[in-house]
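Colleague: Using numbering that gives the first Met the number 0, read the sequence shown as starting at 0 and increasing by one per residue.
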Amino acid sequence: MRDAEQPRGRRPSPHEPVASRIPHPASRLYIVSTPIGNLADISLRALETLKTVSLVLAEDTRHSRTLLDRYEITTPVESYHEHNEARMTPRLIERLSSGESMALITDAGTPLLSDPGARLVRAAIEAGVDVIPVPGASALLAALVVSGLPAEHFTFFGFLPRKGRERSAVLEELLALRHTGVLYEAPSRVAATLGEFAAGGGGARQVVVARELTKQFEEVRRGTAEELARYYQATPPKGEVVIVVEGAAPAVLDEAALQETARELLASGLTPRDVARTLIAEHGAPRNIAYRVTQGA
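1) Can you give the beta carbon distance from Ser32 to Gly108, rounded, assuming they're within the 8 Å contact cut?
2) Which residues mark the beginning and the end of the beta strand (DSSP E) in which Gln215 is found?
3) Taking only the alpha-carbon atoms, compute the straight-line gap between Gly283 and Pro249 and give it to the nearest angstrom.
4) May I ask you to report which of helix, strand or coil DSSP gives Ala261?
5) Three-state secondary structure (DSSP) at Pro186?
6) Does the beta-carbon distance from Thr223 to Ala203 come in below 7 Å?
7) Using the Cα positions of Ala123 and Ala39, report the straight-line distance between them to the nearest angstrom.
8) Below 7 Å CB to CB, which residues in the same chain sit around Gly295 once its five sequence neighbours on both sides are set aside?
9) In three-state terms, what does DSSP make of Arg27?
10) Can you give me the start and stop residues for the alpha helix (DSSP H) that Ala233 sits inside?
11) Quickly, what does DSSP pair Thr154 with across the bridge? List them, please.
12) Sort Thr51, Thr73 and Thr48 by Cα distance to Thr60 and report the nearest one.
13) Along the beta strand (DSSP E) that carries Ala57, what are the first and last residues, could you check?
14) Rounded to the nearest angstrom, how far is the Cβ of Ala228 from that of Ala185, given a contact under 8 Å?
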């Protein structure tokens with residue numbers, strides 16, 4: 000008897016790539032946000048999803064069991080983390096394609112934000128499986144909205160590299176950022192990270208350190224990078240930490256100096272268009288000012 004979900008006229012080879020098969024209409028991969036501390040911070044939709052899927056994929060099944068037991072969720076649970084995702088993903092995609100539904104959760108908050116899951120989501124999309132978000136708690140958004148810093152434009156850096164050139168490059172990017180930056184940090188490295196940021200020229204910038212959000216010992220501490228580096232050097236923090244950093248102030252443009260630079264560049268043989276481009280790229284001039292200064296030179 001022909002499987003209803005298979006294309007008419009042939010059966011796929013067992014060696015055929017999963018992505019080329021037609022998935023079962025019931026195939027669903029739900030990306031479910033879970034509480035970052037307070038177990039009451041879970042949506043009714045998330046609970047219903049976790050109860051009705053075929054399988055829950057958890058970063059740490061022991062950790063997630065506390066949440067699942069609290070809400071009497073008896074759905075089978077398997078671990079899915081950075082050490083087994085390469086091995087498990089093909090098998091999970093096979094199961095999804097055959098009509099099973101699954102929910103991916105992380106230890107806390109929204110999956111894929113500095114947590115495993117991207118490999119599975121990409122594979123599911125390639126296989127034609129519906130990927131459905133079930134929004135909820137997120138530590139980075141919780142910290143951002145209580146920080147008091149501008150939230151309309153921000154960059155999330157995740158966890159900074161621990162050392163070497165890669166770490167230096169990311170810190171330089173953070174220091175140069177003109178809008179709010181958000182990062183996660185291990186509590187043992189908070190003082191060092193803020194100290195490096197201050198030493199790089201960001202000592203006077205406003206910083207917010209949000210610790211243990213939604214938990215019993217929640218704390219949001221504000222100050223300059225230099226002040227908080229000293230504080231956490233003397234008082235090492237404990238628990239989960241999110242750092243929110245004020246963006247760099249826009250440079251004050253000296254239009255007279257820009258115009259003199261434009262004259263020199265024109266005298267060197269550059270076209271007005273190339274001069275304006277140079278003022279934008281190398282001197283940080285807004286496009287309209289760069290062209291106006293060039294025309295006036």
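No residue lacks a Cβ here, since even glycine has one placed at the ideal position from N, Cα and C.
Modeller: According to the structure shown:
1) With a Cβ gap of about 6 Å, Ser32 and Gly108 count as contacting.
2) Where Gln215 is concerned, there is no enclosing beta strand (DSSP E), given that its DSSP letter is neither H nor E.
3) 9 Å
4) The answer is helix: DSSP assigns Ala261 an H, G or I state.
5) helix
6) yes
7) A straight line joining the alpha-carbon of Ala123 with that of Ala39 spans about 30 Å.
8) Gln258
9) strand
10) It spans Ala224 to Ala233 - the alpha helix (DSSP H) in which Ala233 sits, taken as one unbroken run.
11) Gly180
12) Thr73
13) Counting along the chain, the beta strand (DSSP E) containing Ala57 begins and ends at Leu54 to Ala57.
14) With 8 Å as the limit, Ala228 and Ala185 do not qualify as a contact, their Cβ atoms being about 15 Å apart.
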